[in-house]
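Input: a single structure, listed below in structure tokens.
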């Protein structure tokens, strides 16, 4: 219990003091996770949209696979990315191992299935609502996908947020491909893991509280936007 | 009793001159059947629809009215039989010159104006009419920037009608568009129907409202158990229906 009290005090002190090291870690965490979310959204949304509004042989199996991929073990993804990017790997020549880019790649692989699977559900629900009208209006598939993505934008924002949440809280993959190098690849989660292993539980908890606060703030902002849209009936 | 000419009480709406009948008419239907599994829902229908008339489709629930309209609009494929519009097959080019309004309007999660813009952009309809003209026709001028899903039931249906008419379709299918509306909203929809008809759009209108059928209809198709029992001019149908089922239906008796 002493650790918890100490951790809260330390967390507030850290946040109020705007410690340079802490800000650097927070900045890198946000940069890596937001980039991973953006990349995964660009890849996952069209996949989700196409599966959500198409009927093809093997669609059920594709959805099961996509849903299963949401539970990809981060350490396995980290290991695969490590093998790809290591000097002996097929992409070793790029020299990306132990860089933030490697962490972005690993996180993107982890959260793309989450964004694709959840957006598939959101878009399929809206497509079921619009399908008859679109058929009557002879809406071409490209226009239909664009219309569905636009009209489901507030729901899809929540989907993107779920991806961000997974990315920012992830430790297994980024510690393997990033290496937790100070001032280069150290992010919130890897810093927490390091402080825990060093026995500085109060600092580890404090960092955890800061991470939780960031997640809460981002969630609150998106939910506020969603509720405003719902109130005006655009969602 | 109100006649169609009396329904249209807004001079602005009546200003549009009657246009030439559509090249999509007549519509010829031969041996049309639709089966769901082993069950035949539409049975061997032969039908001719000509230009310049409001065709009312009457019949009890489950008689196949909606199914027939969906087949005519190409929303579902028939099990057998042929449908041609002005001698042309029911392909996408033909379907683009048709529009349909459903009983429960499906509106995009956008503003009222954006719902119209979507259709205009889709079929390059902005050359024909502006959003403002279309909203004025539907009496929704002051609602342009409102979210469509916050409109009242009557306004939603008027928007659906306006959206359907945005590209000046040759054929307009209406599937009980006034089923859940009050008399004032029903009258507003009938105004728009009359305007569309006067502009040369062929109207095919499903309704259970006998009064509405009398007000709007030029001819009536009466359906029962997936078959057309009667197709006759409205006056003749209402004065002396030939089938006992139609007589019972008009008399308010239960038709089995």
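Protein chains in written order, with the working numbering: chain Y, 1150 to 1384; chain X, 2 to 257. Ideal Cβ placement from N, Cα and C applies to all residues, glycine included.
Secondary-structure assignment with DSSP links residue 1331 of chain Y through no beta bridge to anything. Under DSSP, residue 174 of chain X forms a beta bridge with X:101 and X:205. Non-local beta-carbon contacts of residue 146 of chain X in its own chain, meaning distances under 8 Å to residues more than five positions away in sequence, involve 112, 113 and 114 in chain order. Note on geometry: alpha-carbon atoms of residue 31 of chain X and residue 76 of chain X lie some 18 Å from one another. Taken through DSSP and simplified to helix, strand or coil, residue 26 of chain X comes out as coil. The C-beta of residue 148 of chain X has 16 or more other C-beta atoms within 10 Å across all chains shown, which makes the residue buried. Residues of chain X with a Cβ closer than 7 Å to the Cβ of residue 1286 of chain Y are, in chain order, 120 and 123. For the options X:99, X:87 and X:95, the alpha carbon positioned closest to that of residue 168 of chain X is the one of X:99. Around the C-beta of residue 1213 of chain Y, fewer than 16 other C-beta atoms lie within 10 Å, and the residue is accordingly described as exposed.
Using beta-carbon distances, residue 1300 of chain Y counts as an interface residue toward chain X, with a partner under 7 Å.
Comparing C-alpha distances from residue 224 of chain X to each of X:212, X:109, X:216 and X:244 shows the shortest one belongs to X:244. In summary, residue 144 of chain X is buried, with 16 or more beta-carbon neighbours lying within 10 Å of its beta-carbon over all protein chains present.
Out of X:74, X:130 and X:179, the CA that lies nearest to the CA of residue 1285 of chain Y is found in X:74. Closest in C-alpha terms to residue 52 of chain X, from the list X:201, X:254 and X:81, comes X:201. Among the residues of the segment 139-160 of chain X, those with a Cβ less than 7 Å away from any Cβ of chain Y are 148, 150 and 151, in the order of the chain. Checking the DSSP bridge columns, you'll see residue 234 of chain X partnered with X:220.
Counting along the chain, residue 68 of chain X sits inside the alpha helix (DSSP H) bounded by residues 66-74. For residue 76 of chain X, the residues of chain Y that pass the 9 Å Cβ criterion are 1281, 1284 and 1285, in the order they occur in the chain. When Cβ pairs closer than 8 Å are counted between the two stretches, the segment 1220-1237 of chain Y is seen not to touch the segment 1268-1282 of chain Y, the count staying below three.
By the CB criterion at 7 Å, residue 1240 of chain Y and residue 1323 of chain Y fall outside the cutoff. Comparing alpha-carbon positions, the option among X:177, X:173, X:172 and X:171 lying closest to residue 155 of chain X turns out to be X:177. Taking 7 Å as the Cβ-Cβ cut-off, the segment 78-98 of chain X approaches chain Y at 93, 96 and 97, given in chain order. Collapsing the DSSP output to three states places residue 1287 of chain Y in coil.
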